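*Asks:* Before anything else, here's the structure in question.
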Amino acid sequence: MSATDRISNYSLIHWFELGTRKTTEQPTKETEIDTTKRWTTTETPAKREYDDDNNLPSEDDKKLVCIDLVRSYVRKRVQTYSNVDIGEAIKSIKDDKMTINEALAKYNVPISTLYNRLSRHNGSSPRGGTTILSKEEESHLVYVIKTMQDYNHPVSNSNVRTVARWCTTELKKDIPDNG
Numbered sequence: 001m002s003a004t005d006r007i008s009n010y011s012l013i014h015w016f017e018l019g020t021r022k023t024t025e026q027p028t029k030e031t032e033i034d035t036t037k038r039w040t041t042t043e044t045p046a047k048r049e050y051d052d053d054n055n056l057p058s059e060d061d062k063k064l065v066c067i068d069l070v071r072s073y074v075r076k077r078v079q080t081y082s083n084v085d086i087g088e089a090i091k092s093i094k095d096d097k098m099t100i101n102e103a104l105a106k107y108n109v110p111i112s113t114l115y116n117r118l119s120r121h122n123g124s125s126p127r128g129g130t131t132i133l134s135k136e137e138e139s140h141l142v143y144v145i146k147t148m149q150d151y152n153h154p155v156s157n158s159n160v161r162t163v164a165r166w167c168t169t170e171l172k173k174d175i176p177d178n179g
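Residues in the sequence shown are numbered from 1 upward in steps of one, following UniProt numbering.
Listed below in structure tokens is the structure:
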């Protein structure tokens, strides 16, 4: 397909309400239109008030507008601070050596990052949900499952869940409900 397409009727052209801006003339039949442009329209009047008797827009109110479809790229900002800068900024704020605004200027750390770290909403808790079994208990559960496989006992997902439930009841751990 070429860079331009021929249109043979007005059904492919959409209208757009413009108000007082100057527009190009309406294309005639067999006009070349660039495919990187979009032609839009509305059937509403161009920001004019009408009487109750004459509330329909006329042909003069329909304006043709060409809108570019090319996306404007906005480059993302590169992080201008390190974890060391964040740590030093938070330490100096907690020790009352400087205010948050002074730390912003000195360490180039965003204000939202400092507030999140100071309120302990960000980076203070481990990821994921709370675990029921400790690391040692989980490693023992893995050992039990591997031993079952060594004795050629098939282990499915439901078997693993059953063994895990049995371990938690033997260790008298509370299992929270999922609801």
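From the three backbone atoms N, C-alpha and C, an ideal C-beta is built for every residue, glycine too. All values derive from a computational prediction rather than experimental measurement.
Please report the residue range of the alpha helix (DSSP H) in which Thr-147 lies.
*Replies:* Residue mapping note: residue 147 aligns to position 147 of the sequence shown, counting from 1. 135 to 150 is the extent of the alpha helix (DSSP H) around Thr-147.
*Asks:* Where Leu-114 and His-153 are concerned, what is the direct C-alpha to C-alpha distance, given to the nearest angstrom?
*Replies:* Counted from its first residue, the sequence shown places residue 114 at position 114. Counted from its first residue, the sequence shown places residue 153 at position 153. Straight-line Cα distance between these residues: approximately 54 Å.
*Asks:* Report yes or no: do three or more beta-carbon pairs, one from the region 105 to 119 and one from the region 76 to 94, lie closer than 8 Å?
*Replies:* yes
*Asks:* Under a Cβ-count criterion, where at least 16 other Cβ atoms within 10 Å of its own Cβ denotes burial, should Ala-105 be classed as buried or exposed?
*Replies:* Taking the sequence shown and counting its residues from 1, one reaches residue 105 at position 105. It counts as exposed.
*Asks:* According to DSSP, is Ile-100 helix, strand or coil?
*Replies:* Within the sequence shown, the letter at position 100 stands for residue 100. Here Ile-100 sits in helix by DSSP.
*Asks:* Lys-172 and Ile-132 - do their beta-carbons sit closer together than 7 Å?
*Replies:* Numbered from 1 along the sequence shown, position 132 holds the residue referred to as residue 132. Numbered from 1 along the sequence shown, position 172 holds the residue referred to as residue 172. No, the Cβ-Cβ distance between Ile-132 and Lys-172 is not below 7 Å.
*Asks:* Hey, how far is the Cα of Thr-168 from the Cα of Ser-72?
*Replies:* One-based indexing of the sequence shown puts residue 168 at position 168. One-based indexing of the sequence shown puts residue 72 at position 72. One C-alpha to the other measures close to 56 Å.
*Asks:* Would you report the Cα separation of Ser-134 and Asn-101, rounded to the nearest angstrom?
*Replies:* Walking along the sequence shown from the start, residue 134 turns up at place 134. Walking along the sequence shown from the start, residue 101 turns up at place 101. Going by the C-alpha atoms only, they are around 42 Å apart.
*Asks:* Quick one, which of Val-160, Asp-85, Lys-94 has its alpha-carbon nearest Arg-120's?
*Replies:* Sequence index remark: in the sequence shown, residue 120 carries index 120 (1-based). Measuring from the Cα of Arg-120, the nearest candidate turns out to be Lys-94.
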